[in-house]
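Engineer: Residue numbering for the sequence shown follows numbering that gives the first Met the number 0, beginning at 0 and increasing consecutively.
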Amino acid sequence: MLKGLEQQARDVWNLCLRLSRAEEGNEGDSRRAELILRVRVLAFHMLVFARDHPTRELLDERANTRYLLNLALTTARYCAQADHIERGKVILQYADDFVHRLKSPDAGECAQRETAKLEMQYLTMRTALTWKEGKVDVADSEFEKIAGLLKDCNTTEIEAVSDILQRIGAAYAVKKDVAMAVKWLKRSEETVSLCGTGDLSPCGLEVKLAICQTLLQTYHGQGTTESLKEAEIIIANIEAQLGDKPVILHWRFELLQHLPSEEFDIQAYACIFRRMIQAFDTSSENLAFLLYHIKKLGERANTLGCSLLDELLLQKVLPTKKREQISKILLHRIWLSLEDEFESSVNEVIGVLDSTYDVSRETFEPAAAGAAHSCGVALHQTFSQGGEDNAVKFGRKRIQCAISLNNIEKARQAFADMPQRGQSNALTSYLMFRLAIMSWDHDLGRQCVENISSLGEQGHGTDILYACIKEAQHAGDKVCTLAAMIAVSNTKRTSVSITGNCIALLRCIIRLIIMIQEGHLEDAPASPTQDPCVEELCNTFENAASFAKACPKDEDGNMLFTVDELDWFRKNSYNLAVTKSQIWPVPQLVRILLTCLTFAERYPSDIPLSDKSEISLMSWRCHFIVAVALVSMARTQNNVEEQLQRYVEMRHHIAAFDASLQTEIATQDEAVVGDLIKKAAALFIFDFEGAVALRSWDELDHIVRKARTCREENVFKAMGDCLLRSQAPGRVMFRTMGLIINEIFELEQFDSEKLAKYIRCVFQATRPLDNSMALQLLDQAIEVAEEGKQNHRPFPHAELEWLVASTFNHAVDLYTKGESKGVCHSWALKAIELSRFADDGGCLEGLLQERLAKFSFVE
Numbered sequence: 000m001l002k003g004l005e006q007q008a009r010d011v012w013n014l015c016l017r018l019s020r021a022e023e024g025n026e027g028d029s030r031r032a033e034l035i036l037r038v039r040v041l042a043f044h045m046l047v048f049a050r051d052h053p054t055r056e057l058l059d060e061r062a063n064t065r066y067l068l069n070l071a072l073t074t075a076r077y078c079a080q081a082d083h084i085e086r087g088k089v090i091l092q093y094a095d096d097f098v099h100r101l102k103s104p105d106a107g108e109c110a111q112r113e114t115a116k117l118e119m120q121y122l123t124m125r126t127a128l129t130w131k132e133g134k135v136d137v138a139d140s141e142f143e144k145i146a147g148l149l150k151d152c153n154t155t156e157i158e159a160v161s162d163i164l165q166r167i168g169a170a171y172a173v174k175k176d177v178a179m180a181v182k183w184l185k186r187s188e189e190t191v192s193l194c195g196t197g198d199l200s201p202c203g204l205e206v207k208l209a210i211c212q213t214l215l216q217t218y219h220g221q222g223t224t225e226s227l228k229e230a231e232i233i234i235a236n237i238e239a240q241l242g243d244k245p246v247i248l249h250w251r252f253e254l255l256q257h258l259p260s261e262e263f264d265i266q267a268y269a270c271i272f273r274r275m276i277q278a279f280d281t282s283s284e285n286l287a288f289l290l291y292h293i294k295k296l297g298e299r300a301n302t303l304g305c306s307l308l309d310e311l312l313l314q315k316v317l318p319t320k321k322r323e324q325i326s327k328i329l330l331h332r333i334w335l336s337l338e339d340e341f342e343s344s345v346n347e348v349i350g351v352l353d354s355t356y357d358v359s360r361e362t363f364e365p366a367a368a369g370a371a372h373s374c375g376v377a378l379h380q381t382f383s384q385g386g387e388d389n390a391v392k393f394g395r396k397r398i399q400c401a402i403s404l405n406n407i408e409k410a411r412q413a414f415a416d417m418p419q420r421g422q423s424n425a426l427t428s429y430l431m432f433r434l435a436i437m438s439w440d441h442d443l444g445r446q447c448v449e450n451i452s453s454l455g456e457q458g459h460g461t462d463i464l465y466a467c468i469k470e471a472q473h474a475g476d477k478v479c480t481l482a483a484m485i486a487v488s489n490t491k492r493t494s495v496s497i498t499g500n501c502i503a504l505l506r507c508i509i510r511l512i513i514m515i516q517e518g519h520l521e522d523a524p525a526s527p528t529q530d531p532c533v534e535e536l537c538n539t540f541e542n543a544a545s546f547a548k549a550c551p552k553d554e555d556g557n558m559l560f561t562v563d564e565l566d567w568f569r570k571n572s573y574n575l576a577v578t579k580s581q582i583w584p585v586p587q588l589v590r591i592l593l594t595c596l597t598f599a600e601r602y603p604s605d606i607p608l609s610d611k612s613e614i615s616l617m618s619w620r621c622h623f624i625v626a627v628a629l630v631s632m633a634r635t636q637n638n639v640e641e642q643l644q645r646y647v648e649m650r651h652h653i654a655a656f657d658a659s660l661q662t663e664i665a666t667q668d669e670a671v672v673g674d675l676i677k678k679a680a681a682l683f684i685f686d687f688e689g690a691v692a693l694r695s696w697d698e699l700d701h702i703v704r705k706a707r708t709c710r711e712e713n714v715f716k717a718m719g720d721c722l723l724r725s726q727a728p729g730r731v732m733f734r735t736m737g738l739i740i741n742e743i744f745e746l747e748q749f750d751s752e753k754l755a756k757y758i759r760c761v762f763q764a765t766r767p768l769d770n771s772m773a774l775q776l777l778d779q780a781i782e783v784a785e786e787g788k789q790n791h792r793p794f795p796h797a798e799l800e801w802l803v804a805s806t807f808n809h810a811v812d813l814y815t816k817g818e819s820k821g822v823c824h825s826w827a828l829k830a831i832e833l834s835r836f837a838d839d840g841g842c843l844e845g846l847l848q849e850r851l852a853k854f855s856f857v858e
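1) How long is the line joining the alpha carbons of Arg322 and Gly304, rounded to whole angstroms?
2) On the premise that Val671 lies in contact with Leu722, defined as a C-beta separation below 8 Å, what is that separation, rounded to the nearest angstrom?
3) Take Ser488 and list the residues in its own chain whose beta-carbon comes closer than 8 Å to its own, dropping the five residues that flank it on each side.
4) In this structure, how does DSSP classify Lys552 when only helix, strand and coil are distinguished?
5) Among the candidates Met431, Gln120 and Lys102, whose CA atom is the shortest distance from the CA of Leu91?
6) Determine contact between the region 124-131 and the region 76-89, defined as no fewer than three beta-carbon pairs at a distance below 8 Å.
7) According to DSSP, what are the bridge partners of Met558?
8) In three-state terms, what does DSSP make of Glu132?
9) Reducing DSSP to helix, strand and coil, say where Cys152 ends up.
10) For a quick check, are the C-beta atoms of Ala874 and His219 less than 8 Å apart?
11) When burial is assigned at 16 or more other CB atoms within 10 Å of the CB, is Asn450 buried or exposed?
12) So Val714 is in the alpha helix (DSSP H); what residue range does that whole segment cover?
13) Closer than 7 Å by C-beta to Leu122: which residues in its own chain qualify, once you throw out the five before and the five after it? Chain order, please.
14) Give the single residue among Asn406, Gln422 and Glu408 whose Cα lies nearest to the Cα of Gly394.
15) Quick check on Phe854: buried or exposed, where buried means 16 or more other Cβ atoms within 10 Å of its Cβ?
16) What number of angstroms, rounded off, separates the C-alpha of Glu786 from the C-alpha of Leu777?
17) If you measure between the beta carbons of Thr666 and Ser604, is that distance less than 8 Å?
18) Report the option in Val533, Ile512 and Thr597 whose CA atom is closest to the CA atom of Phe546.
19) Rounded to whole angstroms, what's the CA-CA distance from Leu255 to Ile293? Just pull it up for me.
20) May I ask you to report which of helix, strand or coil DSSP gives Ser488?
21) Once the 5 residues before and after Ala42 are set aside, which same chain residues still bring their CB inside 6 Å of it?
22) Work out the CA separation of Thr490 and Ala544 for me, nearest whole Å.
23) Thinking C-beta only, is Ile614 closer than 8 Å to Val562?
24) Suppose only complete runs of 4+ residues qualify. What are the alpha helix (DSSP H) ranges in the region 190-269, listed by chain order?
25) In its own chain, which residues sit with a C-beta less than 7 Å from the C-beta of Leu643, not counting the 5 before and 5 after it?
26) Exposed or buried, which one is Cys270 when buried takes at least 16 other CB atoms within 10 Å?
27) For Ala626 versus Cys595, is the C-beta distance shorter than 8 Å?
28) Count the other CB atoms within 10 Å of the CB of Leu378; is the residue buried (16 or more) or exposed (fewer)?
29) Which same chain residues, not among the five before or five after Leu164, have their C-beta less than 7 Å away from its C-beta?
30) Can you grab the Cα-Cα spacing for the pair Arg332 / Val246, in whole Å?
31) Apart from the five residues on each side of it in sequence, which residues of its chain come closer than 8 Å, Cβ to Cβ, to Cys629?
32) Which whole-angstrom value describes the C-beta separation of Asp769 and Gly729, a residue pair presumed to lie in contact below a C-beta threshold of 8 Å?
33) State yes or no: is the C-beta of Glu752 within less than 8 Å of the C-beta of Pro793?
34) How long is the line joining the alpha carbons of Gly841 and Pro767, rounded to whole angstroms?
35) Distance, Cα to Cα, Ile781 vs Gly817?
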């Protein structure tokens with residue numbers, strides 16, 4: 000039995016391993032990870048029970064104990080990684096027991112060394128768990144125990160201990176606890192230093208570098224003289240061990256940057272760059288790093304910056320013949336040279352360009368290099384008196400050159416250096432629009448489109464917008480294409496005449512917005528409530544609807560909005576609303592459906608009957624969805640005026656639905672008619688709710704009567720509940736509720752228990768308001784009970800007793816208040832008359848007769 004349990008536990012453990020490996024690299028579901036951990040812990044307990052049971056006979060007890068200890072340490076590690084401290088502590092209790100078992104004085108030297116290694120792993124895991132638990136003093140104590148065992152450990156074990164200690168120190172560094180971070184990181188550093196650098200594995204070397212990195216960041220954060228000296232010692236030590244590795248050179252670079260300005264050594268700064276250049280591996284990341292910081296160096300020492308760029312280009316990058324990297328270095332070299340003396344900088348740049356051209360004619364085009372140089376020379380301060388117009392022209396030329404060289408930063412700088420008047424120019428905006436497409440800067444693209452569209456038809460603004468559309472389409476930038484197309488559409492909307500091109504443009508805009516909104520672009524917003532595409536879709540459909548209302552015609556007098564055009568806009572607006580009904584905000588959904596209704600109203604009267612039927616059906620559905628959406632908005636609206644306005648709009652759509660239903664339902668088939676009647680039933684409930692909210696008491700009866708055609712008991716039940724929750728006047732409550740009860744009773748499927756409940760509710764609501772109405776309601780209850788008795792549907796006993804008791808008690812209350820004999824008797828007799836329908840052999844009636852006989856009235 001125990002062997003079977005062990006096998007099952009192994010199977011469960013191995014299943015957890017497979018599931019964990021399948022989840023690696025994916026965030027997955029946290030609940031799934033939690034479940035895997037729980038099952039893994041269960042498998043551990045099953046294995047311990049099966050293998051450590053007193054009745055289990057094993058050939059090698061020590062081997063079994065070592066196996067269970069390794070299993071406990073593995074399980075505890077999983078618990079620690081998932082921050083399940085309590086579970087981990089329970090597992091470590093088992094591990095502690097196994098360690099004590101292995102510490103046998105009879106064990107040989109080899110076994111004792113093995114036990115010491117396992118004990119160190121146990122103490123390391125215990126240190127991590129106690130630290131996670133917040134027991135720092137216990138963690139310190141456990142580390143002291145670990146330190147005594149490290150001398151007998153191999154490199155792999157030392158690396159594992161050092162990794163745990165580094166993680167603890169890094170966590171303190173994140174919390175800005177400098178003292179504790181340094182303490183644990185130092186411990187980690189001392190631990191990993193027990194092994195020589197050449198003995199470390201690649202993972203161990205990464206741990207060592209991570210320790211140094213975290214310590215350096217901690218010391219830099221302190222910013223004191225002592226901390227910077229400690230950082231210098233760390234870098235010097237690791238540099239002596241590993242040499243000029245890029246990461247170590249970066250550390251030296253960062254250290255120099257953190258020094259006070261008065262201690263900054265620009266030659267040492269440049270020396271680090273030269274060492275970086277010598278170790279340069281031609282990667283794009285390292286090149287970007289070097290170019291950025293050499294540019295910063297050039298701001299302090301221009302000649303030194305130019306010299307470093309020349310060294311980088313001629314010694315390292317030019318032999319590789321990598322076009323892109325050579326272009327970037329040359330552009331930085333050209334622009335940096337313009338900050339120096341004019342004549343010498345020109346000669347130096349020409350020399351660099353000549354060297355580049357001699358080595359590889361295909362690497363950097365001479366024409367482009369010459370253009371960049373010419374623009375730089377033209378904008379030099381020697382020609383600063385050339386006038387603002389020339390400055391604008393040269394500025395645009397600089398932007399063009401930078402765009403042709405794919406240098407986005409320089410193009411932006413050239414734009415920033417232009418006079419203000421030149422920045423708002425349409426041609427400049429067009430160039431910056433091209434730059435926005437190149438850099439996928441959609442905000443800049445929209446701003447440029449706004450600048451161009453503000454010109455309107457003046458200055459060829461519309462023609463430039465069409466050019467922007469062509470550029471964006473060619474680059475595949477749908478967002479910028481959309482912005483330009485919307486701008487063109489807006490200019491057409493303000494024009495006097497509407498052309499067929501306007502309608503085609505609106506169709507293209509809608510298609511493009513749908514592509515973006517459905518995720519065909521990586522930068523499409525994920526949240527619909529913040530998605531500008533939804534708003535743009537609504538605006539575009541509303542523009543099309545306003546055009547359709549205007550009934551535009553072409554030069555021959557033909558309607559521009561043909562039946563085909565109306566079909567396209569109507570069907571797409573409806574389909575869009577239906578497919579996005581669960582995603583879009585309700586207001587935007589209503590706006591889209593309102594445009595669909597507008598298009599449906601613009602059809603000519605001579606279309607085929609089948610088309611009319613289809614349009615009517617879609618209109619009914621639109622009115623229904625809009626009404627449902629508006630009642631939802633009204634119910635969640637805190638502003639009373641806005642809430643009432645939503646109810647008014649809702650009732651308007653319900654009235655339109657009902658009016659159309661009365662005249663056009665005959666053209667629909669039986670299945671559609673049944674569906675429309677169900678929708679009408681729901682709308683009558685909402686109409687009743689809206690009338691109650693708007694206090695339109697005189698319309699309630701009319702709504703109830705209209706609902707008769709639905710033959711649906713739930714409709715009247717919902718109306719009754721709504722009325723009972725309202726603050727309707729007594730006469731309205733009695734009249735309308737009575738009408739509702741009569742309609743309910745006429746439905747054969749409505750049982751007497753529900754009817755009795757409604758009578759009781761109305762009676763309870765009416766009695767405090769009007770005695771005469773309450774008596775009339777009792778007459779109605781007597782009539783219902785009489786009919787129920789004849790139809791073998793007796794009045795529910797509990798409801799009958801409540802009505803009888805309430806009525807008679809009210810008679811007693813009137814008697815104690817000194818009311819007249821006639822008033823008291825009328826209530827008491829109603830109670831007695833109702834009691835006759837109780838199925839108790841006349842007991843209740845007799846009891847009431849006896850009590851009524853005790854009433855004595857003073858004549």
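C-beta: ideal position from N, C-alpha, C; glycine also.
Structural biologist: Reading off the structure:
1) Their backbone Cα atoms lie some 22 Å apart in a straight line.
2) Not confirmed; about 32 Å, so no contact.
3) Cβ-Cβ distances below 8 Å link Ser488 to Cys501, Leu504, Leu505, Ile508, Thr539 and Asn542 in the same chain, with the five nearest sequence neighbours on each side left out; the list follows chain order.
4) If DSSP states are grouped into helix, strand and coil, Lys552 belongs with the strands.
5) When only C-alpha atoms are compared, the closest one is Gln120.
6) Yes, since at least three Cβ pairs between the region 124-131 and the region 76-89 fall closer than 8 Å, the two stretches touch.
7) In the DSSP secondary-structure assignment, Met558 is bridged to Lys552.
8) Three-state DSSP puts Glu132 in coil, outside helix and strand.
9) Note: Cys152 maps to coil in three-state DSSP.
10) The structure shown does not extend to residue 874, since the chain is modelled only from 0 through 858, so no value can be given for it.
11) Counting of Cβ neighbours within 10 angstroms places Asn450 among the buried residues, the total reaching 16 or more.
12) Bounds of the alpha helix (DSSP H) holding Val714 are Glu712 to Arg724.
13) The residues are Glu141, Lys144 and Ile145.
14) Comparing Cα-Cα distances from Gly394 to each of Asn406, Gln422 and Glu408, the minimum goes to Gln422.
15) Counting the other Cβ atoms within 10 Å of the Cβ of Phe854 gives fewer than 16, which makes it exposed.
16) Roughly 14 Å separates the two Cα atoms.
17) In this structure, Ser604 does not lie closer than 8 Å to Thr666 by Cβ.
18) The residue among Val533, Ile512 and Thr597 with its C-alpha nearest the C-alpha of Phe546 is Thr597.
19) Leu255 and Ile293 have their C-alpha atoms spaced approximately 14 Å apart.
20) In the structure shown, Ser488 sits in a helix (DSSP, three-state: H, G or I).
21) Closer than 6 Å at Cβ, skipping near neighbours: Ala8, Val11 and Trp12.
22) Cα-Cα distance, rounded: 17 Å.
23) The Cβ atoms of Val562 and Ile614 lie no closer than 8 Å to each other.
24) Entirely contained in the region 190-269, the alpha helix (DSSP H) runs reaching 4 residues are, in chain order, 201-221, 224-241 and 245-257.
25) Closer than 7 Å at the Cβ level, and outside the excluded window around Leu643, lie Ala692 and Leu693.
26) So Cys270 ends up on the exposed side.
27) Not in contact: Ala626 and Cys595 (Cβ atoms no closer than 8 Å).
28) Bear in mind that a pLDDT of 49 at Leu378, under 50, signals an unreliable position, so the model cannot answer this.
29) Closer than 7 Å at the Cβ level, and outside the excluded window around Leu164, lie Trp183, Arg186, Ser187 and Thr190.
30) Taking C-alpha positions only, Arg332 is separated from Val246 by approximately 26 Å.
31) Residue identity check: residue 629 is Leu in the sequence provided, not Cys. Excluding residues up to 5 positions away in sequence, Val589, Arg645, Tyr646, Glu648, Met649 and His652 lie with their Cβ nearer than 8 Å to the Cβ of Leu629 in the same chain.
32) About 5 Å separates the beta carbon of Asp769 from that of Gly729, a gap short enough to meet the 8 Å contact definition.
33) Not a contact, by the Cβ cut-off of 8 Å.
34) If you draw a straight line from the Cα of Gly841 to the Cα of Pro767, it comes to about 30 Å.
35) Separation of Ile781 and Gly817 (C-alpha to C-alpha, rounded to the nearest whole angstrom) is 27 Å.
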